Amino acid sequence: MAALAQSVLVTGSNRGIGLELVRQLAARPQAPQHIFATCREPDGLSGKALRELAAQHPSIKLVQLDTVSLPSIQRAVQAVQSHLKGQGLNLLINNAGVSSRATLQSVDSQEMLSAFTTNVIGPLQVTKEFLPLLEKAAKGQGKEGLSCSRAAIINVSTKVGSIGLCLGVLEAPMYPYRASKAAQNMMTRCMAAEPKDKGILCTAIHPGWVKTDMGTEKAPLTVENSVRGILTVLASLSQDTTSAFLDWEGNSVPW
Ligand SMILES: NC(=O)c1ccc[n+]([C@@H]2O[C@H](COP(=O)([O-])OP(=O)(O)OC[C@H]3O[C@@H](n4cnc5c(N)ncnc54)[C@H](OP(=O)(O)O)[C@@H]3O)[C@@H](O)[C@H]2O)c1
């Protein structure tokens, strides 16, 4: 199995899909040289599982990163840069996100703002601050076309943010979550259009309905299977799938 990328950064990697992404990346026969596993409290209680995992794999570097705090993002860029020693960052996975089940009757502006802050402004600012490192990776020697091994931004999205599908509104109104992920999808399209000439791929991935704190135990898909699928899809991405919205099995999802 070829290396997916030499360097990968995952946001929100202390639990759920983010933690499993780090676990499976580190376990690959050709693991990335640098796996930047970021979370809000790498030294706190919520970072325990990630610290235990990092202790088994020298490729995992824990980095504090709160995606809604610009100083935290900028400190993370400095930390990553010093590990990379002049190399660029190949793959940025904007995974951190929050859900909300508010209905039209219960929703308030604070909940909307909070979802937009984490699910839209978070990945936007993270991408903006890491862009110079992604651009550096894209310019690396012998790199052509678009791929995760060259330079890529992956935004973890959701089918319930699809305007085209507009799935199960009555069962899952989730106004803040759905609207914020639809906005994140537009950001993916913009980012794919903008850095294309710079050799950076940008794709949105729906991980399925997954058994995590967010997905709950009712979800049909295990986090192991979802992430196995996501990593297979990431390895297949190219010029043809930049600006795409794909699920964990590689199927196209309407925007
Ligand atoms: N599970 C599903 O069924 C499902 C379906 C579709 C899409 N998704 C998407 O998949 C992604 C991961 O979801 P999940 O199921 O793994 O959720 P999860 O188990 O609730 O984990 C969410 C992760 O995001 C982190 N996070 C939240 N706000 C953050 C911030 N400001 N800075 C840094 N990290 C932050 C959390 O960190 P803390 O521990 O510090 O809170 C946690 O690590 C999300 O973008 C979600 O929308 C999930």
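So for the sequence shown, this note's numbering puts the first residue at 31; every next one is plus one.
Quick reminder that beta carbons are idealized off the backbone N, C-alpha and C, glycines included.
If you're wondering where the values come from, they're calculated on a predicted model, not measured in any experiment.
- Residue 162 sits exposed, since fewer than 16 C-beta atoms from the chains shown fall within 10 Å of its C-beta.
- Inclusion of residue 244 in the 6 Å shell around ligand 1 follows from its C-beta lying nearer than that to a non-hydrogen atom of the ligand.
- A buried status is given to residue 50, since no fewer than 16 other beta-carbon atoms sit within 10 Å of its beta-carbon.
- Residue 242 counts as buried, since at least 16 other C-beta atoms from the protein chains shown sit within 10 angstroms of its C-beta.
- Runs of the beta strand (DSSP E) lying entirely within the stretch 84 to 146 and spanning at least 3 residues, in chain order: 90 to 94 and 121 to 124.
- At the C-beta level, residue 274 and residue 230 stay beyond 7 Å of one another.
- When the five nearest sequence neighbours on each side are left out, the beta carbons in the same chain lying within less than 7 Å of the beta carbon of residue 89 are those of 56, 61, 62, 63, 64 and 65, in order along the chain.
- Non-local C-beta neighbours of residue 87 in its own chain, meaning closer than 7 Å and more than five positions away in sequence, comprise 56, ordered along the chain.
- Contact between the stretch 114 to 131 and the stretch 150 to 169 is present, with at least three C-beta pairs closer than 8 Å.
- Inclusion of residue 76 in the 6 Å shell around ligand 1 follows from its C-beta lying nearer than that to a non-hydrogen atom of the ligand.
- Scanning the stretch 235 to 284 for uninterrupted beta strand (DSSP E) segments of 3 residues or longer gives 275 to 277, listed from N- to C-terminal end.
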